[in-house]
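Per this note's numbering, the sequence shown starts with residue 5, numbered consecutively.
Contents: one structure, followed by commentary.
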Amino acid sequence: MLRSPAWQTLANYESQDLVRLRFHARFKRGLSAEGAREVRSSVSQARSYFESAATADRTVRPLLLYYGCLGLARSLVMFLRGVRESTLAGSHGLQTGNWTSVFAQAKPDIGNIMASTLTGGAFAEFVNATANTSLLTHNSSLPNFAYTHPPVPTGTPILLDDILSRLPELGAQYTRWRGLPKFCPVDELRAQEPTTDIWISQKLHGFTIDRQFIEAFFTTSSPIFQSDQNNQIWYKSSTKSSDLPPFWDHRNHAFGAVGDLVLLKDFGGAQLSKPAAVLALAYILGMLVRYFPSKWMSLVRNEIGDAGLPTILLAIEYVDEWFPQLVLEHFERDLIGL
5 MLRSPAWQTL ANYESQDLVR LRFHARFKRG LSAEGAREVR SSVSQARSYF
55 ESAATADRTV RPLLLYYGCL GLARSLVMFL RGVRESTLAG SHGLQTGNWT
105 SVFAQAKPDI GNIMASTLTG GAFAEFVNAT ANTSLLTHNS SLPNFAYTHP
155 PVPTGTPILL DDILSRLPEL GAQYTRWRGL PKFCPVDELR AQEPTTDIWI
205 SQKLHGFTID RQFIEAFFTT SSPIFQSDQN NQIWYKSSTK SSDLPPFWDH
255 RNHAFGAVGD LVLLKDFGGA QLSKPAAVLA LAYILGMLVR YFPSKWMSLV
305 RNEIGDAGLP TILLAIEYVD EWFPQLVLEH FERDLIGL
């Protein structure tokens, strides 16, 4: 039985009566018994997938986790939009791309396998229902900062490395594999109309980062440099979200899951919310197990390209632990004041 705090709270969404009460409390309208039953059934099935994954061999675990994530994503879409499961798309909303050519290489680089977004499907429904929004923690153990990313264009390519390099919780392992990741830590952020001040740490997993590294992240915004001192670089921006660089957060269990913001490099001109990126990560790893089992088994047996294995194994643990929490926060966004 799953006993994490997230699953303990998600258990309330396995009760048809409690789903109807929460829906009414949040949206001030009723949800039919059949609609509530479909939400709680999807949550219950997702929990079963996660429970099975907890004891499964690593040769199949990512696939079970993906279907658990998909169940949670579908339940959230039904709850937020008040729609029935019969109206949901039957497709994943993502498709694999260059995998055959990557694995045909003598030394395949698993970080280069790619998925791309489709017009419809479960991924697009999840992104749209959550408004592509990251609910972030900054010097807090609960989300206290909502960042809404722009819509995700159809056909957006997402490399496995694109996600692994941006998840701060994987940063220490990723740096050993590929060098500097595609995020940098925000020491402090102060927003007071009409400006936002951002102080960025120059220390990142043993590296010292400079303005050139940081300002490469400002592809959709133009914060103004203020000063560079005490291992911090200070920028000033307007408070409009369109003028701010994209943000995710880093939640650190060593500090009671208190989180800090990170500045993020976009996905080649597109942006994904953190929940959407983790769902895409689960999809890529799940489909790798499903459609290229020999390559996956060679990887986990340290036979090919195993430099990335520690990062990927940590990514699997991250999906298992954090995707339920990220979904729960969107279920209960009204209760945390965002």
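Beta carbons: idealized from backbone N, C-alpha and C, even for Gly.
Query: With hydrogens ignored, establish whether the beta-carbon of Leu303 is closer than 6 Å to any heavy atom of the ligand FMN.; Result: Ligands displayed in this structure: none; no statement on the ligand FMN is therefore possible.
Query: If you scan the stretch 162–193 from start to end, which runs of the alpha helix (DSSP H) of 4 or more residues do you find wholly inside it?; Result: 164–168, 175–182
Query: DSSP three-state call for Ser242: helix, strand or coil?; Result: strand
Query: Taking 7 Å as the CB-CB limit, is Gln196 close to chain D?; Result: Absent from the structure: chain D. Only one protein chain is present.
Query: Could you check which residue in Gly312, Glu18, Arg51, Ala119 has the C-alpha nearest to that of Ala176?; Result: Gly312
Query: Within its chain, find whatever has a CB closer than 8 Å to the CB of Ala375; leave out the 5 residues flanking it on each side and keep chain order.; Result: Since the first residue of the chain shown is 5 and the last is 342, residue 375 is not available in this structure.
Query: Return the first residue and the last residue of the beta strand (DSSP E) that Tyr151 is part of.; Result: 149–152
Query: When DSSP labels each residue in this structure, what does Phe296 get in the three-state scheme?; Result: coil
Query: Look at the alpha carbon of Val331 and the alpha carbon of Leu289, and state the distance between them as a whole number of angstroms.; Result: 19 Å
Query: Would you say Tyr17 and Arg51 are within 7 Å of each other, going by their C-beta atoms?; Result: no
Query: Kindly list the residues whose CB is nearer than 6 Å to the CB of Glu192, restricted to its own chain and excluding five residues on each side of it in sequence; keep chain order.; Result: Trp203
Query: When we look at the beta-carbon of Tyr178 and count the other beta-carbons within 10 Å, is it buried (16 or more) or exposed?; Result: buried
Query: When DSSP builds the beta bridges, which residues end up paired with Gly34?; Result: In the DSSP output, where bridge partners are listed per residue, Gly34 has none listed.
Query: Can you give me the start and stop residues for the beta strand (DSSP E) that Ile316 sits inside?; Result: Not the beta strand (DSSP E): Ile316 falls in the alpha helix (DSSP H), residues 313–335.
Query: Comparing C-alpha positions only, which one of Ile114, Pro250, Thr315 sits nearest to Arg180?; Result: Thr315
Query: So, are the CB atoms of Asp270 and Thr200 less than 7 Å apart?; Result: no
Query: When you compare only the Cα positions, how much space is there between Asn102 and Lys299?; Result: 14 Å
Query: Check whether the stretch 105–114 touches the stretch 212–229, taking contact to mean three or more Cβ pairs, one atom from each stretch, closer than 8 Å.; Result: no
Query: Roughly how many whole angstroms lie between the Cα atoms of Ser231 and Ala135?; Result: 35 Å
Query: Are Tyr53 and Leu68 touching if we call contact CB-CB under 7 Å?; Result: yes
Query: Quick check on DSSP: helix, strand or coil for Lys278?; Result: helix
Query: Quick one: what's got a C-beta closer than 7 Å to Glu42's C-beta in the same chain, skipping five residues either side?; Result: Met82, Arg88, Glu89
Query: Kindly provide the ranges of any alpha helix (DSSP H) runs that are 4 or more residues long and lie completely inside the stretch 21–108, ordered along the chain.; Result: 37–59, 65–85, 103–107
Query: DSSP beta-bridge partners for Leu268?; Result: Phe187
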